[in-house]
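And the structure:
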């Protein structure tokens, strides 16, 4: 036999041996059955938002008039006096008015705290086939919730 014919025959023999070795490994492993999965719907009983509370402090410039402002009630008559009384009751401090910085008032930086709340998740109570469940979901599911039902038998050698 010539060398150019022996090499392809040797390669073919090696492939047959390797294939039979792989076939033995495949047969040795027990076949696992795929899961039995289906999708059904559950009825949503309640979806309660879960909020994240953020606190932020920013510095705000507040300017007050350099001299206290006094309302002259004696110069007002009738309807103007009633409007002045309502305005005085609604303003927190009638003696000091806020003015624009260009008006020459005394300005200072004051910290102002703010609180922000935003929904980050929903605690959802739902019932499927008479059994109640609770899950935390990223969005409100509405009236119905898709649920994944998976049934797999427990083999005696496996631990649950």
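Numbering (the numbering used here), first residue to last: 15 to 174.
Quick reminder that beta carbons are idealized off the backbone N, C-alpha and C, glycines included.
Fair warning: this is a prediction, and the values are worked out from it, not measured in the lab.
CB contact flag (residue i, residue j, <8 Å)
i           : j           : result
residue 159 : residue 135 : no
residue 148 : residue 138 : yes
residue 131 : residue 65  : yes
residue 74  : residue 140 : no
residue 165 : residue 50  : yes
For residue i, the nearest candidate out of the options (CA to CA)
i           : options             : result
residue 120 : 146, 78 and 167     : 78
residue 124 : 171, 76 and 49      : 76
residue 70  : 60, 63, 126 and 101 : 126
residue 157 : 50, 68, 60 and 48   : 60
residue 133 : 122, 95, 72 and 68  : 68
Neighbour-count burial assignment, residue i, 16 or more Cβ in a 10 Å radius
i          : result
residue 56 : buried
Same chain, Cβ closer than 6 Å to residue i, neighbours up to 5 away in sequence not counted
i           : result
residue 163 : 52 and 54
Own chain, CB closer than 7 Å to residue i, minus 5 neighbours either side, in chain order
i           : result
residue 155 : 58, 61 and 138
### Message
In chain order, what are the residue ranges of uninterrupted alpha helix (DSSP H) at least 4 long that sit wholly in the region 43 to 80?
### Response
none
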